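Report on one structure; see the data block that follows.
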Amino acid sequence: MKDLIKRIPVIGPVARNVYRRWLNPPKPFHGSEDYWIERYRDGGNSGAGSYNRLAEFKAEVLNDFVASHGIRDVIEFGCGDGNQLALARYPSYLGLDVSPHAVEGCARRFAGDASKSFMLVRDYHGQTAQLALSLDVIYHLTEDSVYDTYMRTLFDAARDYVVIYSSDKDEAQPGVSHVRHRQFSRWVRANAPGWRLLRHIPNRFPYTGDNDTGSLADFYIYGKGSLT
12 MKDLIKRIPV IGPVARNVYR RWLNPPKPFH GSEDYWIERY RDGGNSGAGS
62 YNRLAEFKAE VLNDFVASHG IRDVIEFGCG DGNQLALARY PSYLGLDVSP
112 HAVEGCARRF AGDASKSFML VRDYHGQTAQ LALSLDVIYH LTEDSVYDTY
162 MRTLFDAARD YVVIYSSDKD EAQPGVSHVR HRQFSRWVRA NAPGWRLLRH
212 IPNRFPYTGD NDTGSLADFY IYGKGSLT
């Protein structure tokens, strides 16, 4: 059945998504935090964007940025299962997540790496880094208050740069309760004085109907100065 669906031309990606929903009907949605806590608790992962060619593309951009700009420390809000982090080359890294299972899993996975540490978002008490990251998170923040708090925390935690990997449009995704696209660039202009967009890097693999092979997210690099 799976192989047959993949071989169907044109409608293949749509058919695969319908098939997945048929096999795994969505659970009732009780908010973004509960969704991710339950997802990781039930053995789920960070999603297609943290695997395969999408993960490799993100790692290439981020590793190049860290190396070329002499980034010494990185903080990420939404570290997930750590699969994306496994491709990273950061001198020092602090990853935060709302999910205890995600944080515990990352701590186990990188137990031998002293350059990496992890903590729950609820335990965050103002740590900062030269670079703050938000990767595939913003469009999962469905509540306005959660979104606003997240954005303020993200920019307050960054000393020099913020790198966001996300869609940048206001749009709900029909049939997907845990996704709400946000035009975050408007929030930055209104609420983060002193920060400006330094570079926009379009996705090498834009979305064409299949979440496994393409993404609506691009890279947006913000800074207080200019890129060298």
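Okay, so the sequence shown: first residue is 12 according to the working numbering, each after it adds one.
Even for Gly, the Cβ is constructed at its ideal location relative to N, Cα and C.
Being a predicted model, the structure only gives us computed values, none of them experimental.
Give me the Cβ distance between residue i and residue j, rounded to the nearest whole Å; I'm assuming they're in contact under 8 Å.
i: M162; j: W198; result: 5 Å
i: E94; j: Y46; result: A small fix is needed here, since residue 94 is Asn in this sequence, not Glu. Contact doesn't hold; Cβ gap of about 19 Å is too wide.
i: T164; j: F88; result: 7 Å
Taking 7 Å as the cut-off, is the beta-carbon of residue i closer than that to any non-hydrogen atom of the ligand FMN?
i: D167; result: By its list of ligands, the structure shown contains no ligand whatsoever, and the ligand FMN lies outside what it can speak to.
Thinking C-alpha only, which one of the options is nearest residue i?
i: A70; options: R200, V174, H136, W47; result: V174
i: R232; options: D45, N222, R210; result: Note that residue 232 is Ile in the sequence shown here, rather than Arg. Nearest option by C-alpha distance: R210.
i: F195; options: T219, F121, T160; result: T160
i: Q141; options: S43, P204, I86; result: I86
i: G81; options: Y172, G225, A228; result: Y172
i: G42; options: C90, L144, V109; result: V109
i: Y134; options: I149, C117, L107, H151; result: Note that residue 134 is Asp in the sequence shown here, rather than Tyr. When only C-alpha atoms are compared, the closest one is L107.
i: A97; options: H112, D84, P111, D124; result: D124
Classify residue i: buried if its beta carbon has 16 or more other beta carbons within 10 angstroms, exposed otherwise.
i: A177; result: The question names Ala, but residue 177 is Ser in the sequence shown. Counting Cβ neighbours within 10 Å, S177 comes out buried, since at least 16 surround it.
i: R200; result: exposed
i: G236; result: exposed
i: F230; result: buried
i: D147; result: buried
i: H136; result: exposed
i: S145; result: buried
To which residues does DSSP link residue i through a beta bridge?
i: D229; result: S177
i: A169; result: A140
Could you check whether the segment 212-230 touches the segment 38-56, counting it as contact only if at least three pairs of C-beta atoms, one from each stretch, sit closer than 8 Å? By the Cβ test, the segment 212-230 is not in contact with the segment 38-56, since fewer than three Cβ pairs between them sit closer than 8 Å.
Give a yes or no on contact between the segment 149-158 and the segment 90-102, applying the rule of three or more CB pairs nearer than 8 Å. No, because fewer than three Cβ pairs between the segment 149-158 and the segment 90-102 fall closer than 8 Å, the two stretches do not touch.
Do three or more CB pairs link the segment 179-197 to the segment 68-82 at distances below 8 Å? No, they do not touch.
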